[in-house]
Amino acid sequence: MYEINIADTEFGEIFSDIKNRYLSTANFPKFIIGTGLSIVMGVPGMGKLADELDKNFSLEENFEYKQFWEKCNSIVRNDGLEAALLTISNTENAFVEKIREITGKFILESDYAVRENILRDSSGFEKLLNYLNNTVSVNKKIIDIMTPNYDLIIETIADKLKLTTTLGFKGNLFQEFDSELLKDPYKYYKKSTTILRIFKPHGSINWIKRADITYQTNDYCYLEKNSNCIEIIAPGSMKFQYGMTHNLLREHRETFNSVFTDNKSSHAIFIYGYGFNDEQFDTVFENTNKDVIVLTMDIKEEVRERAVSNKNWTLFYKNVIGEKQNTTNLSFMVYKGKQYQIDKNLWDLEEFVELFTG
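Number 1133 in this note's numbering belongs to position 175 of the sequence shown; there are no gaps in the numbering.
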C-alpha cells in the first residue's frame, strides 16, 4: 500500500483528475445516496430501528408476532438488523407488514425531529448540491439522485436551496404519480429550470396509500394519523419481490436504471454512504464503463476488490467490514487500481466537499 498526503505534488494530479472525471460539467455526476447521509443528518440507522422494533414487538398488542421477532432478534445481536430481516420467510406476510408499519412511523417521526436542524445548519451535502446547481450543463439542467432512503432529507435541502424537485408527482395536497413527469421533466418545465430528479425505488415516508392509489403528500398530521399506510418497502427479504410488483416502485427503479446506464450520456456515478446491499441496484455499476467514485466510512471487501480491479473506480473509505477497526486519523483511497493510505478523511462528505468544491 502506498502513502500519500494531500499536500504532495502527486495528489495534486489526482485532485485535478477527480475534479474532471467526477465533478465536471462535461462528465456530470449522477448520485446514489445511501443511509450514510441520513445518519449524518440525525435520522437513526439500523441499530436504533432494531431497538424500535424490539420495543414494539414486546407490546401485548403485537403478541402474535413475538415468536417471529425473537427468532430475528437473536441474529440482530450478532449480525445486525439487515442480516436478521433477510431470514424472514416470504410466507410471513403479516409480520413483514407490521415491520413496514413500525419502520414507516419511526422514520417519519425521526425525519420530522431533525428538520429544523437541517434548515438551520449548513452541511456538506447542501454545499455539494449547491455546487452542482451552479455547474450543471445549460443544455440539460437535471441533477439525478437515486436513494433507497425513506426520509425527506434530500427534499428538505432542495427546498432550502430553492431547487425545483420532482419524483414524478403532480397535484396539490394529494399528488398523483405521472411516469412521464419522472421520465421527461421538460415536458412539464421550462428548459431553463434546473431540476433535481429523485428516484426512490424503496418508497418514501410522504407516499401514502388511499383506496389502492399511492399519493404524495407533505401533510405531516395526515401522515402521522395514517402512518400504517405509508408506502415503503420493509427492510429485509421482501425488498426485491415488492419492488418488482408495486407499479410506482417499479417505475422508479426502471427509470433510474435506464437513466444511470444510458451509454449515450456522458456522466459519472457518485456513490455516498451506500451499503451495497441491493442486488437490483448494484447491477447498475457492477460492469459499467462509467467513472465511479465511492465515499463511505465502512466498505465491504468485495467492493474494495472491485475498485482495485477497475481503474475507472475511485474509492475513499475508513474501514473494511470484518477487519480490525481503524482508530487512527488516517483513511484510505483506491485510485486507478492502486491502494493508498491518505492523511485526510475524504470518505467524509464534509471534508471531501471542502477540498474539492471549496
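Quick reminder that beta carbons are idealized off the backbone N, C-alpha and C, glycines included.
Subject >> Asn1270 in three-state terms, based on DSSP >> reply: coil
**OP:** State the start and end residues of the unbroken beta strand (DSSP E) segment that holds Val1217.
**Re:** Val1217 -> not in any beta strand (DSSP E); alpha helix (DSSP H) instead, spanning Asn1205 to Phe1218.
Original post:
Between Val1242 and the rest of its own chain, which residues show a CB-CB distance below 7 angstroms, the 5 nearest in sequence each way excluded?
Top reply: Asn1215, Phe1218 and Thr1219
Subject >> the region 1074-1084 / the region 1112-1124 touching (three or more Cβ pairs under 8 angstroms) >> reply: yes
Original post:
By DSSP, does Gln1297 sit in helix, in strand, or in coil?
Top reply: strand
Original post:
Where do the N-terminal and C-terminal ends of the beta strand (DSSP E) with Asp1102 fall, by residue?
Top reply: Ile1100 to Met1104
**OP:** Measuring alpha carbon to alpha carbon, tell me which of Pro1143, Asp1301, Lys1128 and Ile1156 ends up nearest Thr1175.
**Re:** For the set Pro1143, Asp1301, Lys1128 and Ile1156, the Cα lying nearest the Cα of Thr1175 is the one of Lys1128.
Original post:
When the distance is taken between beta carbons, is Gln1299 closer than 7 angstroms to Met959?
Top reply: yes
Original post:
Could you give the distance in angstroms between the alpha-carbon of Ala1008 and the alpha-carbon of Leu1039?
Top reply: 6 angstroms
**OP:** Return yes when the Cβ of Phe989 is within less than 7 angstroms of the Cβ of Phe1228, no when it is not.
**Re:** Taking C-beta atoms as the reference points, Phe1228 and Phe989 count as a pair closer than 7 angstroms.
Original post:
With 16 other CB atoms within 10 Å as the buried threshold, where does Cys1179 fall?
Top reply: Exposure of Cys1179 is indicated by the presence of fewer than 16 other C-beta atoms within 10 angstroms of its C-beta.
Subject >> Stretch pair the region 1004-1023 + the region 1090-1106: three plus CB contacts closer than 8 angstroms >> reply: Touching, no.
Subject >> Proximal residues to Ala1042 (C-beta, below 6 angstroms), its chain only, five neighbours per side dropped >> reply: Cys1030, Ile1033 and Val1034
Subject >> Whole runs of the beta strand (DSSP E) within the region 1137-1185, excluding any shorter than 3 residues >> reply: 1153-1157, 1161-1168 and 1171-1174
**OP:** For Gln1133, collect the residues of the same chain with a Cβ closer than 8 angstroms to its Cβ; drop the 5 residues on either side in sequence, then sort them by chain order.
**Re:** Phe1127, Tyr1173, Gln1174 and Thr1175
**OP:** Using three-state DSSP, classify Ala1192 as helix, strand or coil.
**Re:** coil
Original post:
Would you report the Cα separation of Glu1084 and Thr1049, rounded to the nearest angstrom?
Top reply: 42 angstroms
Subject >> Where the beta strand (DSSP E) through Val1250 begins and ends >> reply: Going by DSSP, Val1250 is part of the beta strand (DSSP E) stretching over Val1250 to Ile1257.
Subject >> Three-state class that DSSP yields for Ser1016 in the structure shown >> reply: coil
Original post:
Taking just the CA atoms, how far does Leu1181 sit from Ile1060?
Top reply: 13 angstroms
Original post:
Going straight from the alpha carbon of Lys1141 to that of Thr1123, what length do you get?
Top reply: 13 angstroms
**OP:** Could you name the residues of the same chain whose beta carbon sits closer than 8 angstroms to that of Asn1268, not counting the 5 residues immediately before and after it, in chain order?
**Re:** Cβ contact annotation for Asn1268 (same chain, cutoff 8 angstroms, sequence separation greater than five): Val1250 and Gly1295, in chain order.
Original post:
Under the DSSP definition of a beta bridge, which residues are partnered with Pro987?
Top reply: Per DSSP, Ala1226.
Subject >> Assumed close pair Val1001, Asp1109 - CB separation to whole angstroms, cut-off 8 angstroms >> reply: 5 angstroms
Subject >> N-terminal and C-terminal residue of the alpha helix (DSSP H) that Phe1083 is part of >> reply: Gly1082 to Thr1093
Subject >> Nearest-angstrom beta carbon gap, Asn1277 and Arg1255 [assumed within contact, 8 angstroms] >> reply: As written in the sequence, residue 1255 is Met, which differs from the Arg given in the question. Yes, they are in contact, since the Cβ atoms of Met1255 and Asn1277 sit about 7 angstroms apart, within 8 angstroms.
Original post:
Can you give the Cα-Cα distance for Lys1315 and Arg1073, rounded to whole angstroms?
Top reply: Rather than Lys, the amino acid found at residue 1315 in this sequence is Thr. In a straight line, the C-alpha of Thr1315 is about 25 angstroms away from that of Arg1073.
**OP:** Would you kindly report the start and end of the unbroken beta strand (DSSP E) that includes Glu1134?
**Re:** Note, Glu1134: beta strand (DSSP E), Gln1133 to Phe1135.
**OP:** Please check the pair Ile1320 and Gly1161, which I expect to be a contact at CB under 8 angstroms, by giving their CB distance rounded to whole angstroms.
**Re:** No answer is possible for residue 1320: it lies beyond the span of the chain, which begins at 959 and ends at 1316.
**OP:** Going by CA-CA distance only, name the one from Glu1312, Val1311 and Ser1289 that's closest to Asn963.
**Re:** Ser1289
**OP:** Please confirm whether Thr1232 and Leu1307 have their CB atoms less than 7 angstroms apart.
**Re:** In the sequence on display, residue 1232 carries Tyr and not Thr. No.
Subject >> Contact set for Thr983: own chain, Cβ-Cβ below 8 angstroms, skip 5 residues either direction >> reply: Thr1093, Val1094 and Ser1095
Original post:
Rounded to a whole number of angstroms, what is the C-alpha to C-alpha distance between Lys1098 and Lys1149?
Top reply: 7 angstroms
**OP:** Leaving aside the five residues before and after Trp1271 along the sequence, list all residues of the same chain whose C-beta is less than 6 angstroms from its C-beta, in chain order.
**Re:** Val1250 and Ala1265
**OP:** Determine the closest residue to Glu1209 out of Gly1062, Lys977 and Phe1135, with distance taken between C-alpha atoms.
**Re:** If we check each option's Cα against that of Glu1209, Phe1135 comes out closest.
Original post:
So Asp1236 packs on Ile1163, CB below 8 angstroms; how close in whole Å?
Top reply: Not confirmed; about 19 angstroms, so no contact.
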